[in-house]
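To start, the structure itself, in structure tokens.
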Amino acid sequence: MAKLVVISQGLKGASYEMGTHWVTIGRAPGNAFQIVEPSVSGHHCEVQMRGGELIVRDMRSTNGTFVKGGLITEAVVALGERFLIGHVELRLESSAWHQDLAIQKVSNQPGDKRVNVETSFQKKTRVLMVDDSMAFLEAAGEMFENLANGSWEIHKASAADQVFAILHQYYIDMAILDIGMPMLDGMQLLTIIHRRHPDVKKVVLTGCATAEHRATCLANGAELFLEKPVTHDGFRSVFNVVNDLISWRQHEGFSGTLRHVGLSDVIQIECLGRKSCILEVRNEQTHGEIFIESGMIVHATTGAVSGEKAFQRLLSLNDGQFHLRQFEQPAECTLQGAWECLLMEAARLRDEERTALSIAETMFLDRAALAGKKSATPDAEPAIGEELVVVSTYDGQWHPVNGDK
413 MAKLVVISQG LKGASYEMGT HWVTIGRAPG NAFQIVEPSV SGHHCEVQMR GGELIVRDMR
473 STNGTFVKGG LITEAVVALG ERFLIGHVEL RLESSAWHQD LAIQKVSNQP GDKRVNVETS
533 FQKKTRVLMV DDSMAFLEAA GEMFENLANG SWEIHKASAA DQVFAILHQY YIDMAILDIG
593 MPMLDGMQLL TIIHRRHPDV KKVVLTGCAT AEHRATCLAN GAELFLEKPV THDGFRSVFN
653 VVNDLISWRQ HEGFSGTLRH VGLSDVIQIE CLGRKSCILE VRNEQTHGEI FIESGMIVHA
713 TTGAVSGEKA FQRLLSLNDG QFHLRQFEQP AECTLQGAWE CLLMEAARLR DEERTALSIA
773 ETMFLDRAAL AGKKSATPDA EPAIGEELVV VSTYDGQWHP VNGDK
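As structure tokens, then:
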């Protein structure tokens with residue numbers, strides 16, 4: 413196929429074998445092709461082979477990407493041609509043929525789209541992912557498709573005109589946006605989508621997760637504001653939250669089962685959306701209510717207990733059901749402070765409870781055995797009332813215990 417070779421002095425010989433996927437090039441760890449050189453930005457550009465040519469897209473780098481002497485945002489490089497990223501020169505050279513190029517050509521035939529439409533009888537959730545990095549769109553899209561197990565139909569856009577074309581052509585259930593977009597700022601794009609398509613759920617997924625950005629995005633129509641994940645577990649957590657949001661119905665009477673939707677996820681979605689509601693939680697032993705006003709948790713009650721203790725008790729439930737009701741002002745406000753802190757404290761207490769419940773195995777020996785006396789029936793169980801002493805405990809590791817204590 414082809415490979416990229418660095419030909420600048422000092423870095424000469426560094427190369428990268430190209431496949432069919434988008435590849436990021438930059439100075440920062442995490443790039444597919446990392447080039448550590450001061451003029452190269454952290455995430456400088458991204459490239460992809462199409463046929464026998466290389467598509468090069470600048471990612472708003474500091475020192476620019478240059479093809480044929482000109483500063484570019486996107487350009488095509490042929491085999492044997494050179495291009496610059498900052499002050500580093502690269503050349504596209506021929507390499508061994510890879511079968512996946514032929515596979516890519518086949519999968520890009522127009523007939524494939526028709527097949528998808530004709531064979532997709534079950535209703536899929538249409539998700540529009542918007543990011544200026546095609547490499548991120550490709551990686552995140554593949555990850556989400558696997559996690560969705562075929563229930564998502566993902567559309568990708570790296571520019572505003574593509575976003576509007578997709579929204580015009582398809583009914584989109586949810587848009588996942590980055591705020592760092594070229595030409596039209598991501599926050600402006602969010603505002604336009606919210607105004608033109610109010611039924612589309614909107615999630616901001618960004619690497620610039622500041623408090624100011626969060627407040628602006630939530631005020632302009634975003635239901636969720638999340639930081640871009642960098643690990644597989646991070647992608648899974650983001651997927652779980654946004655997948656719950658897809659089926660969300662912000663009206664009185666929405667309910668669910670705690671086995672399928674975590675109560676903390678329900679609270680997070682309500683608080684991030686700055687909603688007001690009463691979250692009623694119950695199982696066979698417990699019944700309680702959590703009051704959320706404009707995204708703030710203001711009161712919780714279960715039985716004769718109220719405030720933070722009631723909140724922690726309700727969040728410790730592993731089974732049961734929840735029910736969303738229209739907000740009514742509680743008789744008193746027993747909770748204040750950031751909802752994030754309340755959820756983190758609840759998570760900490762749950763972890764402590766799990767540790768306490770997984771009480772270590774304990775080895776018991778009778779005092780006769782400790783004194784070296786042999787029992788007539790060594791394998792017999794200790795008789796009721798027989799004096800026992802703890803000699804060691806186990807909590808993942810064995811720990812000796814002073815028998816005199």
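Every position in the sequence shown, counted from 1, becomes a number in the numbering used here once 412 is added.
Each residue gets a CB set at the ideal place from its N, CA and C atoms; glycine is no exception.
Everything numeric in this text was worked out from a predicted model, so none of it was measured.
Excluding the 5 residues preceding and the 5 following ASN443 in the sequence, name in chain order all residues of the same chain whose CB lies nearer than 7 angstroms to its CB.
THR436, ILE437 and HIS455
At 4 residues or longer, what runs of the alpha helix (DSSP H) sit wholly inside the segment 548-620?
Annotation: the segment 548-620 contains the following complete segments of the alpha helix (DSSP H) (minimum length 4 residues), in chain order: 572-581 and 598-608.
In angstroms with no decimal places, state the Cα-to-Cα distance between ILE604 and THR698.
45 angstroms
Residues in its own chain within less than 8 angstroms of LEU423 by CB, not counting five upstream and five downstream?
ILE447, GLU449 and VAL500
With DSSP as the reference, identify every bridge partner of GLU675, one or two as the case may be.
The question names Glu, but residue 675 is Leu in the sequence shown. None, per the DSSP bridge assignment.
Please report the distance separating the alpha-carbon of LYS721 from that of ILE702.
Spanning the alpha carbons of LYS721 and ILE702 requires a straight line of approximately 12 angstroms.
I'd like to confirm the pairing. Which residues does DSSP put opposite MET461 in its beta bridges?
According to the DSSP secondary-structure assignment, MET461 is paired through a beta bridge with LEU466.
Does the beta-carbon of LEU657 have 16 or more other beta-carbons within 10 angstroms, so that it is buried, or is it exposed?
LEU657 should be labelled buried.
How would you call LYS480, buried or exposed, if buried means at least 16 neighbouring beta carbons within 10 angstroms?
Label assigned to LYS480: exposed.
Determine, using beta carbons only, whether LEU410 and ALA414 come nearer to each other than 8 angstroms.
Residue 410 is absent from the structure shown; the chain starts at 413 and stops at 817.
Bridge partners of SER718, per DSSP?
THR713
Identify the continuous alpha helix (DSSP H) that holds PHE647 and give its terminal residues.
644-658
Can you tell me the Cα-Cα spacing of LYS452 and LEU502, whole angstroms?
Residue identity differs from the one stated: residue 452 is Val in this sequence, not Lys. VAL452 and LEU502: Cα-Cα distance of roughly 12 angstroms.
Hey, would you say LEU754 sits closer than 8 angstroms to PHE734, going by beta carbons?
Between LEU754 and PHE734, the C-beta spacing is not below 8 angstroms.
Out of curiosity, what's the CA-to-CA distance linking ASN475 and ARG469?
14 angstroms
If you follow the beta strand (DSSP E) that GLU624 is part of, which residue opens it and which one closes it?
In the DSSP assignment, GLU624 falls outside any beta strand (DSSP E) and lies within the alpha helix (DSSP H) extending over 623-631.
Which of the three DSSP states is assigned to CYS745 in this structure?
coil
Taking the alpha carbon of ASP597 as the point to measure from, which residue in TYR583, GLY719, HIS609 and ASP573 has its own alpha carbon closest?
ASP573
Report the rounded CA-to-CA distance for ALA426 versus LYS640, giving the unit in angstroms.
29 angstroms
Which residue marks the beginning of the beta strand (DSSP E) containing PHE734, and which one marks its end?
733-738
In angstroms with no decimal places, state the Cα-to-Cα distance between LYS613 and LEU630.
12 angstroms
When the distance is taken between beta carbons, is ASP585 closer than 8 angstroms to VAL616?
no
Report back the beta-carbon spacing between ASP543 and ASP590 to the nearest angstrom; my notes put them in contact at under 8 angstroms.
4 angstroms
Quick check on GLN421: does DSSP put it in helix, strand or coil?
When DSSP states are grouped into helix, strand and coil, GLN421 belongs to the coil group.
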